[in-house]
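Q: Residue numbers (the numbering used here): 98 to 491. Every residue, glycine too, gets a C-beta built ideally from N, C-alpha and C. Structure provided below as structure tokens; questions to follow.
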């Protein structure tokens with residue numbers, strides 16, 4: 098019953114939007130909103146009935162206790178692993194505690210992330226690939242259920258979506274983007290570091306020769322800020338990296354799960370990002386995930402094929418590296434692919450896919466949109482030349 102208090106405002110927003118005149122694409126987005134809520138409820142049901150409540154004792158039970166405690170030391174919780182419980186306790190101070198109420202908020206956050214990403218890339222896509230990317234990002238079931246997991250992603254995903262939408266709008270980092278990166282870094286330090294590194298690389302790559310020195314300085318400052326903000330996380334792991342090496346450290350960090358698969362050898366390690374494959378599936382959900390992975394792998398190979406060509410696709414590479422948003426997105430994808438290439442824990446990997454799978458789909462859709470545009474322009478030029486040739490003959 099308590100979940101109704103969370104769901105009612107969402108239903109009101111949905112039906113108000115539905116009562117307005119909507120295009121077919123907006124109708125699909127509204128259906129995607131329902132789908133994200135459904136996926137979040139499904140994931141919550143699985144966590145309770147199959148996965149032994151997961152982290153809900155912390156994110157729900159402890160948060161409920163915090164909401165009743167008037168003498169909570171908030172600052173100590175900010176720097177600990179209980180930040181999500183603290184944030185949930187703020188919600189429970191206003192709304193009645195409810196697991197499925199949190200699921201509704203998680204579904205809303207997942208939808209906001211997807212919608213803001215699509216809005217960021219929408220001006221760059223033709224109608225066909227906009228539809229394809231929208232349907233895939235909103236309705237892929239495993240991606241949807243994993244993004245509906247109550248916990249850290251409830252807060253990270255909508256903020257991450259805002260970062261990409263803001264960069265698309267302003268083509269540069271803003272103060273609010275800086276706060277958003279810091280907030281994400283408090284929850285998941287490695288994602289904060291990944292975002293800062295992507296911002297620094299994009300600032301350097303997308304700048305012209307006159308601004309290059311300035312951008313190098315800016316990039317260095319961003320990395321120093323990142324080191325200062327997340328220095329504890331870096332120092333805790335730097336010694337281990339120095340002792341084991343980066344490859345062994347990442348392999349060790351992801352070990353110990355129940356769904357471990359032997360890692361691929363170099364250079365096939367990149368394919369770790371798209372596991373499990375169909376022959377590795379151990380249940381129905383893993384089999385569905387394997388088909389999703391093949392779809393994203395197709396987009397990945399299409400992107401790779403374009404960057405391997407030296408002549409015909411120069412205009413696409415120019416488009417990517419002249420746009421701050423696209424340069425940032427490209428760097429963000431590459432860094433995440435490198436980090437998770439050593440993750441042989443497919444259960445954990447499925448949750449990490451939500452950070453970069455939508456971006457691979459959008460990047461692939463962008464490249465194929467540009468290819469379609471180039472083909473149409475080429476056919477148009479050829480038609481004009483043929484018409485001129487016929488006029489000369491006559």
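In this structure, does DSSP put residue 121 in helix, strand or coil?
A: It is helical.
Q: Taking the C-alpha atoms as reference points, what is the distance between residue 274 and residue 289?
A: Spanning the two alpha carbons is a distance of roughly 11 Å.
Q: Identify which residue in 299, 377 and 372 has its Cα closest to the Cα of residue 430.
A: 299
Q: Roughly how many angstroms lie between the CA atoms of residue 372 and residue 453, to the nearest whole one?
A: For the pair residue 372 and residue 453, the Cα-to-Cα distance works out to about 14 Å.
Q: Looking at the unbroken alpha helix (DSSP H) that takes in residue 270, where does it start and where does it end?
A: Neither: residue 270 is in no alpha helix (DSSP H) and is coded neither H nor E.
Q: Ignore the nearest five residues each way along the sequence and tell me which others in residue 217's own chain have a CB closer than 6 Å to its CB.
A: Here the set comprises 261, 262 and 265.
Q: From what residue to what residue does the alpha helix (DSSP H) around residue 224 run?
A: According to the DSSP assignment, residue 224 belongs to the alpha helix (DSSP H) that extends over 224-236.
Q: Near residue 252, what residues of its chain come up, given a Cβ to Cβ distance below 8 Å and the 5 sequence neighbours on each side ignored?
A: Correct list, in chain order: 181, 184, 206, 280 and 284.
Q: Report the option in 301, 374, 370 and 382 whose CA atom is closest to the CA atom of residue 433.
A: 370
Q: Alpha carbon to alpha carbon, how far is residue 246 from residue 191? Give it in angstroms, no decimals.
A: 22 Å
Q: What is the C-beta distance between residue 501 and residue 240, in whole angstroms, given that I count them as a contact (C-beta under 8 Å)?
A: Given that the chain is displayed from residue 98 to residue 491, the structure contains no residue 501 and the question cannot be resolved.
Q: Along the chain, where does the alpha helix (DSSP H) containing residue 366 start, and where does it finish?
A: Unbroken run through residue 366: none, as it is neither H nor E.
Q: If we count the other Cβ atoms within 10 Å of its Cβ and call it buried at 16 or more, is residue 375 buried or exposed?
A: With fewer than 16 Cβ atoms within 10 Å of its Cβ, residue 375 is classed as exposed.
Q: Taking only three categories from DSSP, how would you classify residue 390?
A: Residue 390 carries a helical assignment under DSSP once its states are collapsed to helix, strand and coil.
Q: Please list the terminal residues of the continuous alpha helix (DSSP H) segment that includes residue 431.
A: 421-437
Q: Just to confirm the assignment, what range does the alpha helix (DSSP H) spanning residue 214 have?
A: 196-218
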